[in-house]
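With my numbering, letter number 219 in the sequence shown gets 205, and the count goes up by one each step, no holes.
Glycine included, C-beta positions come from ideal geometry on N, C-alpha and C.
Here the structure is a predicted model, which is why all the values come from computation and not from measurement.
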Amino acid sequence: MTVKVIIQRKRQGALWGVSLFFVVLVAGLFYVKWNPYYHKVLLAASKHFIGNSIITGKEAQPPAPSWGAAVNYAIQYFKSVWQAVVLGLLVGSLVQVLIPKDWIIKIFGSDNRHSTLVAGLMAVPSMMCSCCAAPVVAGLRKQRASLGAALAYWLGNPVLNPAVIIFTGFVLSWKFSLLRLVMGLVLVFGVSSLTGKLMKEDVEYGDIFQIDTGSAGGNLMVRWVKALWRLILESIPPYLIAVLLLGGVRAWLFPAVNPAWTNSILLMVVLSITGALFMIPTAAEIPIVQSLMSFGLGIGPASALFMTLPAVNVPSILMLRRYFPRKVLVLVFIAVIVCGIASGLLASILL
């Protein structure tokens, strides 16, 4: 067999793998995201309402901290996200075995504006929450995606979700939507680009960049099962624990607000931090903010919370702890809080 024939067969195999990957990706997104969100847009347009707050329900504040509160929140939360979690694990594992590593390196491997822009734009149709996008980001990092590109994809999924921006316009206001879009672009592309330039890859960081030459040409199913199992072991246990703990103490994170503080800068800071800690399903920030504003929360703190709630959270950070240096995750966490505070201040002036 000549070298030319070998190269041609490898190229055909790569094209087959990429085609299969995109078939799974598009079918999964249609079933889990695109079709349900189409119907949800119709609901938002007609009712100006997409559901009750997952944090408080119809009440003014969450239930007191308890094991029951933890379990009840976890049940509600995973009932909303389990399909997207499965899709995230599936895509995150398949990207490691169906997409050639040199393709990922060529498209996402450099910390420049081009790779960050492409990754951020690819996040837009994915429409995943921060936790559901985390396994996909882990798979991209395993395939040598750069810090900037991986961060743009991770942050872009929840922050630049076009369905959420449309829901927001119908439920809250189109001014809210515009503010979310502008600040989202700043967060996704500004922070990702800056992080990529400031932080250099540590070649000894973990083992995520080690090339498994022994299994690279092995059985596809075996390689996929190994990749999937590793993602599950690294992601799901800390995810479950963090959701239970934070869900159980959400009354401490979202206490009843003194009417005198409803539009204070201090409350903007507090809610920006709270939002960056807590996990919610996709678009859940809309009914949360709608409910809190109906009980008197001011436009500034509401906008701060609205910006930070979907962006990052403790579970998604824990899920990616092996795939980013700690200082990068800390920087992103702080940047999200700063963007939340800036959103609150702008909303107080403009909305």
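Option nearest residue i by Cα separation, candidates the options
{"i": "residue 208", "options": "20, 79, 23 and 74", "result": "79"}
{"i": "residue 151", "options": "140, 138, 137 and 169", "result": "169"}
{"i": "residue 52", "options": "98, 205, 149 and 233", "result": "233"}
{"i": "residue 185", "options": "35, 321, 314 and 325", "result": "314"}
{"i": "residue 137", "options": "324, 329, 311 and 337", "result": "311"}
{"i": "residue 66", "options": "94, 247 and 23", "result": "23"}
{"i": "residue 34", "options": "325, 276 and 286", "result": "276"}
{"i": "residue 125", "options": "55, 294, 215 and 292", "result": "215"}
{"i": "residue 235", "options": "104, 177 and 58", "result": "58"}
{"i": "residue 177", "options": "258, 318 and 94", "result": "318"}
{"i": "residue 238", "options": "134, 256 and 268", "result": "256"}
{"i": "residue 92", "options": "77, 157 and 129", "result": "129"}
{"i": "residue 15", "options": "27, 72, 60 and 56", "result": "72"}
{"i": "residue 127", "options": "148, 90, 157 and 103", "result": "90"}
In DSSP terms, what residue i is bridged to
{"i": "residue 341", "result": "Residue 341 lies beyond the range of the chain shown here (-13 to 337); nothing can be said about it."}
Assumed close pair residue i, residue j - CB separation to whole angstroms, cut-off 8 angstroms
{"i": "residue 309", "j": "residue 123", "result": "7 angstroms"}
{"i": "residue 296", "j": "residue 266", "result": "7 angstroms"}
{"i": "residue 175", "j": "residue 30", "result": "Actually they do not touch by this definition, with Cβ atoms about 27 angstroms apart."}
{"i": "residue 346", "j": "residue 252", "result": "Absent from the structure is residue 346, since the part of the chain shown begins at -13 and ends at 337."}
{"i": "residue 210", "j": "residue 83", "result": "5 angstroms"}
Test: residue i CB closer than 8 angstroms to a CB of chain C
{"i": "residue 83", "result": "The displayed structure is made up of one protein chain only, and chain C is not part of it."}
(Q) Taking contact to mean 3 or more Cβ pairs, one atom from each stretch, closer than 8 angstroms, check whether the segment 255 to 266 and the segment 21 to 39 are in contact. (A) Verdict: no, contact absent.
Q. Using 8 angstroms as the Cβ pair cut-off and three pairs as the minimum, do the segment 298 to 306 and the segment 221 to 228 touch?
A. Segments in contact, yes.
Q. Is there contact between the segment 142 to 158 and the segment 106 to 116, where contact requires at least three CB pairs shorter than 8 angstroms?
A. As far as the Cβ criterion goes, the segment 142 to 158 touches the segment 106 to 116, which means the pair count is three or higher.
Q. Per the contact definition of three or more C-beta pairs closer than 8 angstroms, is the segment 330 to 337 in contact with the segment 160 to 180?
A. Touching, yes, given that three or more Cβ pairs across the two stretches are closer than 8 angstroms.
Q: Decide yes or no for the touch test of the segment 281 to 292 against the segment 240 to 258: beta carbon pairs closer than 8 angstroms, at least 3 of them.
A: Contact between the segment 281 to 292 and the segment 240 to 258 is present, because at least three Cβ pairs lie under 8 angstroms.
Q | Three-pair Cβ contact test at 8 angstroms for the segment 92 to 100 versus the segment 44 to 58 | A | Counting C-beta pairs closer than 8 angstroms gives fewer than three between the segment 92 to 100 and the segment 44 to 58, which falls short of the contact rule.
**Q.** Ordered list of alpha helix (DSSP H) runs contained in the segment 122 to 159, each at least 4 residues
**A.** 133 to 145 and 148 to 157, all fully within the segment 122 to 159.
Q.
Which runs of the alpha helix (DSSP H) at least 4 residues long sit entirely within the segment 3 to 70? Give them in chain order.
A. Within the segment 3 to 70, the complete alpha helix (DSSP H) runs of at least 4 residues are 21 to 33.
**Q.** Whole alpha helix (DSSP H) elements within the segment 219 to 287, 4-residue minimum
**A.** Counting only runs of 4 or more, we get 236 to 239, 251 to 263 and 271 to 280.
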